[in-house]
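Residue numbers (this note's numbering): 1 to 221. The beta-carbon is built from N, C-alpha and C at its ideal position, and this holds for glycine as well. Here's the structure, in structure tokens; my notes come after.
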Ligand code: GRF
């Protein structure tokens with residue numbers, strides 16, 4: 001019998017370009033994994049078309065129909081758990097998750113955030129980087145812990161900030177790099193290269209002292 005591929009469930013809220021990058025990496029045999037389902041909290045999100053086109057089962061769980069965060073998260077858990085995914089992937093999922101949800105998927109819940117964490121948690125990261133005259137900006141893939149946009153960072157993509165940049169042009173350049181580093185980090189997870197020793201993240205059985213860096217089209221360790 002053929003061995004089952006590592007499995008993912010992807011949570012989205014919007015355009016789903018990171019979801020598309022993961023679908024493409026699987027299609028191109030760069031990532032040996034299967035997306036078992038996509039869950040979206042916005043019925044009109046265009047990202048849902050991407051999963052439908054790739055024949056992935058879509059679930060809409062509208063957060064507005066639930067009395068509180070916990071019951072919304074519980075509804076997602078009821079979809080996710082029977083699929084028993086190796087990794088739950090937040091790809092532009094714009095809801096804060098409850099502590100129970102985060103604990104339940106501890107060490108198998110991953111997020112991408114458009115900043116060089118720990119800088120600029122939360123929203124408007126691109127404008128903040130410009131306003132602060134930063135020379136560089138980027139994105140981070142991290143395991144999710146209780147604090148917003150926190151948790152061990154696996155890999156960061158760095159892009160220079162140009163004098164001509166506004167938040168939109170910068171966001172577009174960062175997003176392009178997000179599409180490179182998210183499938184890379186997921187691959188490291190599904191290949192079993194990323195492991196935890198209590199809360200410390202290891203890569204290939206060695207403590208990952210600082211995140212891997214993707215810069216100028218190359219991975220630096
Ligand atoms: C990305 O910038 C991601 O880092 C952030 O939200 C954006 C989502 O983009 N969390 P998409 O929906 O994957 O196109």
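Expected contact under 8 Å - CB spacing of residue i and residue j to nearest Å
| i | j | result |
| --- | --- | --- |
| residue 79 | residue 186 | Actually they are not in contact, since the Cβ atoms of residue 79 and residue 186 sit about 20 Å apart, beyond 8 Å. |
| residue 43 | residue 62 | 6 Å |
| residue 157 | residue 180 | 7 Å |
C-beta atoms of residue i and residue j nearer than 8 Å
| i | j | result |
| --- | --- | --- |
| residue 159 | residue 138 | yes |
| residue 31 | residue 211 | no |
| residue 81 | residue 8 | no |
| residue 117 | residue 88 | no |
| residue 10 | residue 75 | no |
| residue 170 | residue 130 | yes |
| residue 193 | residue 203 | yes |
| residue 18 | residue 112 | yes |
| residue 107 | residue 196 | yes |
| residue 16 | residue 45 | yes |
| residue 102 | residue 145 | yes |
| residue 50 | residue 20 | yes |
| residue 214 | residue 191 | no |
| residue 66 | residue 13 | no |
| residue 95 | residue 29 | no |
| residue 25 | residue 57 | no |
Other residues of its chain near residue i: CB distance less than 7 Å, five sequence neighbours each side excluded
| i | result |
| --- | --- |
| residue 70 | 98, 100 |
| residue 39 | 9, 11, 59, 61, 76, 79 |
| residue 120 | 128, 129 |
| residue 5 | 32, 33, 34 |
| residue 54 | 23 |
| residue 161 | 129, 130, 134, 135, 136, 137, 170 |
| residue 173 | 159 |
| residue 218 | none |
Beta-carbon contacts of residue i that lie in its chain and below 8 Å, excluding the five residues immediately before and after
| i | result |
| --- | --- |
| residue 122 | 148, 149 |
| residue 220 | 212, 213, 214 |
| residue 166 | 130 |
| residue 164 | none |
Contact set for residue i: own chain, Cβ-Cβ below 6 Å, skip 5 residues either direction
| i | result |
| --- | --- |
| residue 105 | 88 |
| residue 151 | 142, 143, 144, 145 |
| residue 115 | 125 |
| residue 189 | 87 |
| residue 48 | 40, 58 |
Beta strand (DSSP E) runs wholly inside the stretch 109 to 142, at least 3 long, in chain order: 109 to 113
Contiguous beta strand (DSSP E) assignments of at least 3 residues, all confined to the stretch 170 to 209: Here the runs fully enclosed are 194 to 197, 200 to 203.
Whole beta strand (DSSP E) elements within the stretch 5 to 63, 3-residue minimum: For the stretch 5 to 63, whole beta strand (DSSP E) runs of length 3 or above, ordered along the chain, are 7 to 12, 34 to 40, 57 to 60.
Every unbroken beta strand (DSSP E) inside the stretch 62 to 104 [3 residues or more]: Counting whole runs of 3 or more residues, the stretch 62 to 104 contains the beta strand (DSSP E) stretches 87 to 90.
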